[in-house]
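Engineer:
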Amino acid sequence: MFKNIPIITALVTPFTDSDEVDYPALDALIERMLGEGIKGFLVAGTTGESPNLTHAEKISLFTHVGKLLVGKDAVQVANVGSNSTAASAALAKEASAIDGVDALLAVAPYYNKPSQAGMIAHFTAIADASSVPVILYNIPGRAVVTINNDTIVELAKHPRIKGVKQCTSIDDIAYLAQNTPDDFDVYTGEDGQMLDAIRVGGAGVISVASHVFGPEMLECLTAESADDIASADELMDDLTPKMNALFKFPSPEPIKMLLAKRGEIKEGMRLPMVKLTAAEAKQVLAIVE
């Protein structure tokens, strides 16, 4: 589906002190990452505090980012998933019609705990409503339910279901890479799995850490593609504890703290997400810095 885009940044949504979307900060963040070589951006995902964004804010974000990326050899993935099939399909239809939306992301329906048949019906309805490719989002730790490997393989037969963000094991990623069509992209959603995912045939990573470690991550993948395994391993060994530190507390709290410390965004989040305490921030910074 996406060629030469091994890293898609799951963007934070910056807010102003008055709790509005901070578009100037978002623009500067995207422009800085584009300059570092990042070519993929997931908008209004988990890291972007999707559950706390209104419908109008999501549409505005998708439209705004689409315009910003015009002519910049980059792609936008718009998150439209929720635990309501009807609402997700309606948003998929609306979002996929926006210029500059290249693909959609849809999470496994959380809280409802549907069967595998229910998830096939859910994602089929979303893909039927969309006019662009759809990426499944399999994250049992947040959704409670798991999209089984065989279910993903079955869904990959749909002409518009073209990828998965997989937050499970490397064995699952390897299985999916081997048993889905060549144009179906298997991304890990775990930063620490980035290199291993590539090595078992995955497309790359949908990443939080690339907000701040994009150049190092790309350097690691460049070494890997040049068969410089030792350098790739060394770079990944250095990155992994820093990546893990960004998930020491509920995401996006650590990454927003770090970006705020760098002066790029305000740290504010919408409840129930809260700022890290000084002690918590110190723990993250001790590893990251």
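Residue numbers (this note's numbering): 314 to 602. Cβ atoms here follow ideal geometry from the backbone N, Cα and C, with glycine treated the same way.
Cβ of K561 within 6 Å of any heavy atom in the ligand NAD?
Structural biologist: Looking at this structure, you won't find the ligand NAD or any other ligand, since it has none at all.
Engineer: Report yes or no: do three or more beta-carbon pairs, one from the segment 585-594 and one from the segment 346-355, lie closer than 8 Å?
Structural biologist: Cβ pair count under 8 Å is below three, so no.
Engineer: Would DSSP call A323 helix, strand or coil?
Structural biologist: As a position in the sequence shown, residue 323 is number 10, starting the count at 1. It is a strand residue.
Engineer: Where do the ends of the alpha helix (DSSP H) carrying S544 lie?
Structural biologist: Here residue 544 is taken as the residue at index 231 of the sequence shown, counted from 1. 542-558 is the span of the alpha helix (DSSP H), which, as asked, contains S544.
Engineer: Please confirm whether A490 has its beta-carbon closer than 7 Å to some beta-carbon of chain D.
Structural biologist: Judged by its chain identifiers, the structure shown contains no chain D, having just a single protein chain.
Engineer: Exposed or buried, what is I484 when buried is set at 16 or more other beta-carbons lying within 10 Å of its beta-carbon?
Structural biologist: Taking the first residue of the sequence shown as position 1, residue 484 is located at position 171. A small fix is needed here, since residue 484 is Asp in this sequence, not Ile. The residue is exposed, with fewer than 16 neighbouring Cβ atoms inside 10 Å.
Engineer: Would you list, in sequence order, the uninterrupted beta strand (DSSP E) runs of no fewer than 3 residues that lie entirely inside the segment 375-436?
Structural biologist: Entirely contained in the segment 375-436, the beta strand (DSSP E) runs reaching 3 residues are, in chain order, 388-392, 416-420.
Engineer: Give the range of the alpha helix (DSSP H) segment to which Q596 is assigned.
Structural biologist: By one-based count along the sequence shown, residue 596 stands at place 283. Its alpha helix (DSSP H) spans residues 591-601.
Engineer: What span of residues does the alpha helix (DSSP H) with V466 cover, start to end?
Structural biologist: Here the question's residue 466 lines up with position 153 in the sequence shown. Taken as a continuous stretch (DSSP letters only), the alpha helix (DSSP H) holding V466 covers 462-468.
Engineer: Rank L552, D541, L598, Q429 by C-alpha distance to the C-alpha of E566 and give the top, closest one.
Structural biologist: Taking the first residue of the sequence shown as 1, we reach residue 566 at position 253. Minimum Cα distance to E566 is reached at L598.
Engineer: Is the beta carbon of K569 sitting closer than 7 Å to the one on E577?
Structural biologist: For the purposes of this step, residue 569 is taken as the residue at position 256 of the sequence shown. For the purposes of this step, residue 577 is taken as the residue at position 264 of the sequence shown. No.
Engineer: Expressed to the nearest angstrom, what Euclidean distance is found between the alpha-carbon atoms of F474 and A421?
Structural biologist: For the purposes of this step, residue 474 is taken as residue 161 along the sequence shown, with counting starting at 1. For the purposes of this step, residue 421 is taken as residue 108 along the sequence shown, with counting starting at 1. The identity of residue 474 in the sequence shown is Ile, whereas the question assumes Phe. Taking the straight line joining both Cα atoms gives about 14 Å.
Engineer: Determine the direct distance from the alpha carbon of S428 to that of D330, and round the result to whole angstroms.
Structural biologist: Stepping through the sequence shown from its first residue, residue 330 is reached at position 17. Stepping through the sequence shown from its first residue, residue 428 is reached at position 115. Each residue's Cα considered, the two are about 42 Å apart.
Engineer: Count the other CB atoms, across all protein chains shown, that sit within 10 Å of the CB of D498; report buried if there are 16 or more and exposed otherwise.
Structural biologist: The residue labelled residue 498 in the question sits at position 185 within the sequence shown. Buried is the call here.
Engineer: From the DSSP output, in three-state form, read off D335 for me.
Structural biologist: If you number the sequence shown from 1, residue 335 lands on position 22. D335: coil per DSSP, three-state reduction.
Engineer: How should D415 be labelled, buried or exposed, when 16 other C-beta atoms within 10 angstroms of its C-beta is the threshold for buried?
Structural biologist: Within the sequence shown, numbered from 1, the residue matching residue 415 stands at position 102. Buried, because 16 or more other Cβ atoms sit within 10 Å of the Cβ of D415.
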